[in-house]
DNA sequence: GGCCAGGCGCGTA
DNA sequence: TACGCGCATGGC
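Residue numbers (the working numbering): 57 to 348.
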């Protein structure tokens with residue numbers, strides 16, 4: 057039994073859709089239970105509910121709730137961000153389709169590890185892998201009554217102490233040596249994740265791709281979802297397909313052309329715009345793959 | 001049963 | 001710079 061009481065709080069926030077935010081493929085450990093979302097932020101279990109412009113939260117011994125405000129990015133004005141997107145038909149449709157979708161500010165190591173696991177995996181499978189890693193190597197946390205067991209995400213040091221076979225047993229497949237290598241590099245102090253936030257985007261990216269299993273795409277996911285670099289623009293198969301179909305329908309652009317376009321067209325919050333396109337393509341119109 | 005998945009690393013042209 | 005391939009595994 058938890059020794060400290062469950063506490064609760066309410067936030068009033070406009071233009072925030074918790075369900076889309078948790079389901080859009082940026083974070084992988086949120087679970088819907090009844091009308092609530094349950095998850096773990098750092099070493100805290102949290103239960104969140106939303107009713108229109110009110111988000112209520114429950115957690116144990118939260119002290120203050122700044123950690124949650126920061127994670128949810130409650131002080132960000134979504135209206136101001138969306139106003140910077142290009143006003144073309146596809147972006148307008150994506151914004152309409154993903155109404156209230158926000159970018160979270162995740163813990164860097166968990167985000168990095170999750171996306172190392174993401175290579176050629178669907179979102180549901182990434183959820184499965186991160187759940188297995190947490191339950192086998194993380195620490196159990198106190199949870200609210202009636203909730204499923206919850207675990208902290210294992211530290212890099214804990215993963216570094218595991219064997220490749222143990223990671224493969226978490227269904228990581230060929231990603232296991234990548235995650236192990238990255239965890240051991242961090243545990244050995246080759247890169248300090250806590251210092252990347254101070255660097256320019258290009259330098260932070262260059263540091264991350266030194267890690268095994270981390271290329272430009274995964275680095276950009278981490279830079280966007282954990283550090284909030286607004287111009288980090290992950291290009292995965294969905295985004296590449298979207299850019300080709302929507303913006304280069306009559307020719308097959310070279311990768312360098314796609315890259316240049318993505319860096320200039322979408323404005324100062326291009327990473328945000330990218331996530332709107334990503335979720336829009338995956339959940340509305342992108343189900344046929346013949347034109348890829 | 002075949003295709004695809006929030007790729008990376010490496011070899012080759 | 002661009003392309004192809006192997007890598008594990010499960011959903012659809």
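No residue lacks a Cβ here, since even glycine has one placed at the ideal position from N, Cα and C.
{"Item": "Counterpart residues of residue 192 in DSSP-defined beta bridges", "Value": "Residue 192 is not bridged to any residue."}
{"Item": "Identity of the residue in 135, 90, 82, 149 nearest residue 127 by Cα", "Value": "82"}
{"Item": "For residue 274 and residue 168, the rounded distance between their alpha carbons", "Value": "8 Å"}
{"Item": "Proximity test, residue 213 beta-carbon vs the ligand HEM heavy atom, cut-off 7 Å", "Value": "Only the bare structure without any ligand can be found here, which leaves the ligand HEM out of the picture."}
{"Item": "Straight-line Cα distance separating residue 303 from residue 200", "Value": "48 Å"}
{"Item": "Run of the alpha helix (DSSP H) containing residue 251, from where it starts to where it stops", "Value": "No alpha helix (DSSP H) contains residue 251, which DSSP labels as neither H nor E."}
{"Item": "Residue from 310, 298, 316, 307 with nearest C-alpha to residue 330", "Value": "298"}
{"Item": "Residue(s) in a DSSP beta bridge with residue 102", "Value": "95, 115"}
{"Item": "Simplified DSSP state of residue 270, which is helix, strand or coil", "Value": "coil"}
{"Item": "Rounded C-alpha distance that separates residue 135 from residue 71", "Value": "8 Å"}
{"Item": "Proximity of residue 76 and residue 121 at Cβ, strictly below 8 Å", "Value": "no"}
{"Item": "Chain-order list of residues whose beta-carbon lies under 6 Å from that of residue 101 (same chain, five-residue window excluded)", "Value": "197, 199, 206"}
{"Item": "Validate contact between the stretch 318–337 and the stretch 277–291 using beta carbons, cut 8 Å, 3 pairs", "Value": "yes"}
{"Item": "Residue 62, enclosing alpha helix (DSSP H) - first and last residue", "Value": "First-last for residue 62: 62–68, but that is the beta strand (DSSP E), not the alpha helix (DSSP H)."}
{"Item": "Option nearest residue 229 by Cα separation, candidates 261, 335, 174, 158", "Value": "174"}
{"Item": "Helix, strand or coil at residue 262 according to DSSP, with G and I counted as helix", "Value": "helix"}
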